[in-house]
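No gaps in the numbering here: position 104 of the sequence shown is 104 in this note's numbering, and each next residue is one more.
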Amino acid sequence: MTAKPLRLSTLFLSVLKISAFTFGGGYVIVPLMRKRFSEDLQWVKEEEMLDMIAIAQSAPGPIAVNTSIILGYRLLGIKGALASVLGTAIPPLLVLTLISMFYEAFRANRWIAALLGAMRAGVAAVIVDVVWTMAANITKKRKATPIILMIAAFIAVFIFKVNIILVLLFCGFLGFLDAMRSSLKEAKP
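Okay, structure coming up:
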């Protein structure tokens, strides 16, 4: 399969559609973005998309918006970043505006409450898929440092309840040191 032509309108409409028909937040939207832009359109390699997601997770703000900005900029510069972030932000902005206008009616409706409860199970499944895909890509490279960092980060956050920001900063720092060590090794004659 060959890559589809890179168009601003395709970028905008793709993220708009994903954002409009996805419930559960950024961790649900991001794997759909990965599928659309890495598999369907073939605009970015999967590994590069996963790197963008890692950067987006580390930055302040919503992961879906951050990923959109990075992806859009990588593909089409400033115009791409703007188109992508608008496509991502417009649907939730409209939905939340409507919900806030009718908040009391939504809150009291047992059908909507049941629907949202059922959707949480689907959201959990998508998040597991994201974790599985990212872990598979980390272990596929067979480098010890990222695998050790992944396991240590999991233990730190879930067992010892270490602040996730500290864990991300520490992992980023260790990853930087590992990259520097690798580049120094390669530079030696």
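In this text, a Cβ means the ideal position worked out from N, Cα and C, and glycines have one as well. Since the structure is predicted, the reported quantities are computational estimates derived from the model, not experimental observations.
Taking the alpha carbon of residue i as the reference point, which residue from the options has its own alpha carbon closest?
i      : options                        : result
Leu76  : Ala187, Phe158, Leu8, Val162   : Leu8
Ala3   : Val28, Leu16, Leu41            : Leu41
Gln57  : Ile99, Leu86, Leu98, Tyr27     : Tyr27
Leu13  : Ile63, Gly72, Asp178           : Gly72
Ala81  : Cys171, Asn66, Ile90, Leu94    : Asn66
Ser19  : Ala144, Pro91, Arg107          : Pro91
Lys143 : Ala113, Asp178, Leu168, Trp111 : Asp178
Val130 : Phe21, Val15, Leu32            : Leu32
According to the Cβ coordinates, are residue i and residue j closer than 9 Å?
i      : j      : result
Asn137 : Glu39  : no
Thr139 : Leu50  : no
Leu149 : Gly175 : yes
Ile29  : Thr88  : yes
Cys171 : Ala153 : yes
Leu169 : Ser84  : no
How should residue i be labelled, buried or exposed, when 16 other C-beta atoms within 10 angstroms of its C-beta is the threshold for buried?
i      : result
Pro60  : exposed
Met180 : exposed
Thr53  : Looking at the sequence itself, residue 53 is Ile, so the reference to Thr does not match. So Ile53 ends up on the buried side.
Arg34  : buried
Trp43  : buried
Arg36  : buried
Can you give the Cα-Cα distance for residue i and residue j, rounded to whole angstroms?
i      : j      : result
Met101 : Ser68  : 28 Å
Gly24  : Val126 : 9 Å
Ile159 : Lys79  : 43 Å
Val162 : Pro5   : 45 Å
Ala124 : Leu166 : 24 Å
In this structure, does DSSP put residue i in helix, strand or coil?
i     : result
Asn66 : helix
Thr97 : helix
Val44 : coil
Gly25 : coil
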